[in-house]
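Visitor:
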Amino acid sequence: MPGSNARALEKGRTLPADALILDLEDAVAPDAKVEARERVVGALGAGGYGAREIVVRTNALDTSWGYGDAVAVAGSGADALLLPKVESADAVRQAERILSAAGAPETTAIWCMMETPRGILHVEEIAAASPRVACLVMGTSDLAKDLHAAHTRHRTPMITALGLCLLAARAHGLAIVDGVHLDLDDDEGFERACVQGRDLGFDGKTLIHPRTIAVANRVFAPSPEDVLWSRRMIDAFDAARAAGQGVAVLDGKLIESLHVVEAKRLVALAEQITARGDGARGDGV
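Rendered as C-alpha cells:
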C-alpha cells in the first residue's frame, strides 16, 4: 500500500490480510517520500490494525531517504522493516545496526526483497545474516526485468530463482511469500499463480489489490478436507505409537512420523486462521 495514500492506510485496517506492507519505495514519488514516511508513522501510532502484521518497505539504504526511513521504522511500532533489493548479508547487517542504534525492539524483524540476480545468487547468506531476518519476499517484477525474461503463464523463467529462495528460507526457518501478479483482469491466471506458489511451498502471496485477497486466502489456507485428513493421520499415528508400533496405516496409506509433522503444521495453521477470524485471516499478504 502506498505510504502516501491516506485512504489506503485507512482501508488497510479493514482488509482480511495477514500482513500489510506500507510502502515508502516504488509506490511513492520522490517529492512525496518524506511526507509518506510521516504519514505511515502517524497511521501506526493511531493503531487499529488488529492482528495484522505491519511491515514498512523502506527506500534502499544507499538513497537519501533510506536511513531516515529505517530510523522511523525503529520507533514506529511496525512489526518489520522490508528492505528492497537486498543483494548481500552486509546490507542486512547495516539495516540491523540502524534499527538497534535507533532503539528498535528486539522483536522488530527484517524482511528482505529478493528481486535482483545478485540477490538471488546470495540468498543463502542473506537468509543467515541476522537473527532479525524473518521473511523473504519475492520481487518477481524487478527480477524479470533484470533477467530480460517474460512473464509467462507457467512462470518458467522464475522457477530457478523461486526454488533457490525457497531452499534458503526453509534451511533457515524463515517465512517466504511469492511475488505479485500484475494483470488484475486475469482472474484465472492469478488463481493459477497462487496454486503454483502454494504447491511450490510458499507461505503466501504478495498482493496489489484488495479484490485478490479472497482468492489468495482460499488457495493458501488449508481446505476443510485437508484439515480433517490431517487430524485423522495424527490420531491414527498416536494410536499406533500407543500400541508400540512405529507406523500407522490409514485408509490403506502408510503414515510415518514425517507425515505427522506436516499434518500438525497444517492443523496449527488452520486453527490460527480460525482464531484470528475475518479481521486478519488466511495467508494473503
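Residues 11 to 295, numbered by the numbering used here, are exactly what the sequence shown covers, in order.
Heads up, the beta-carbon is just placed ideally off N, CA and C, and yes, glycines get one too.
Name the two residues that bound the continuous alpha helix (DSSP H) containing Ile283.
Guide: Run containing Ile283: Ser267 to Arg286, per the alpha helix (DSSP H) assignment.
Visitor: Mind checking His158: buried by the 16 CB within 10 Å criterion, or exposed?
Guide: The residue is exposed, with fewer than 16 neighbouring Cβ atoms inside 10 Å.
Visitor: Leaving out the 5 sequence neighbours to the left and right, which residues in its chain are closer than 7 Å to Ala273 when beta-carbon positions are compared?
Guide: The answer, listed in chain order, is Ser240, Met243 and Ile244.
Visitor: Return the chain-ordered list of same chain residues with a C-beta closer than 6 Å to the C-beta of Gly211, the five sequence neighbours on each side being excluded.
Guide: These residues qualify, in order along the chain: Leu176.
Visitor: In three-state DSSP terms, what is Lys155?
Guide: In the structure shown, Lys155 sits in a helix (DSSP, three-state: H, G or I).
Visitor: Evaluate Ile169 with the Cβ neighbour count: other Cβ atoms within 10 Å of its Cβ, from every protein chain shown; 16 or more gives buried, anything less gives exposed.
Guide: When all chains shown are included, Ile169 counts as exposed.
Visitor: Short check: CB of Leu174 to CB of Val133, under 7 Å?
Guide: Cβ distance < 7 Å, so Leu174 and Val133 count as in contact.
Visitor: Counting only the same chain and skipping the five closest in sequence on each side, list residues whose C-beta sits under 7 Å from that of Gly287.
Guide: Here the set comprises nothing.
Visitor: Roughly how many whole angstroms lie between the Cα atoms of Ala290 and Asp196?
Guide: Residue placement at Ala290 cannot be trusted, given a pLDDT of 48 that sits under 50; what the coordinates show is reported in the next sentence. Distance between the alpha carbons of Ala290 and Asp196: 25 Å.
Visitor: Where Phe247 and Ala285 are concerned, what is the direct C-alpha to C-alpha distance, given to the nearest angstrom?
Guide: Each residue's alpha carbon lies about 26 Å from the other.
Visitor: Consult DSSP for Gly55 and reduce its assignment to one of helix, strand or coil.
Guide: Reduced to three states, the DSSP call for Gly55 is helix.
Visitor: Helix, strand or coil, according to DSSP, for Gly87 in the structure here?
Guide: In the structure shown, Gly87 sits in coil (DSSP, three-state: anything other than H, G, I, E or B).
Visitor: Look at the Cβ atom of Arg67, then the Cβ atom of Leu92, and state whether they are nearer than 7 Å.
Guide: The answer is yes: Cβ separation under 7 Å.
Visitor: Going by C-alpha to C-alpha distance, which of Cys122, Val147, Lys155 and Gly52 sits closest to Ala101?
Guide: Of the listed residues, the one whose Cα sits closest to Ala101 is Cys122.
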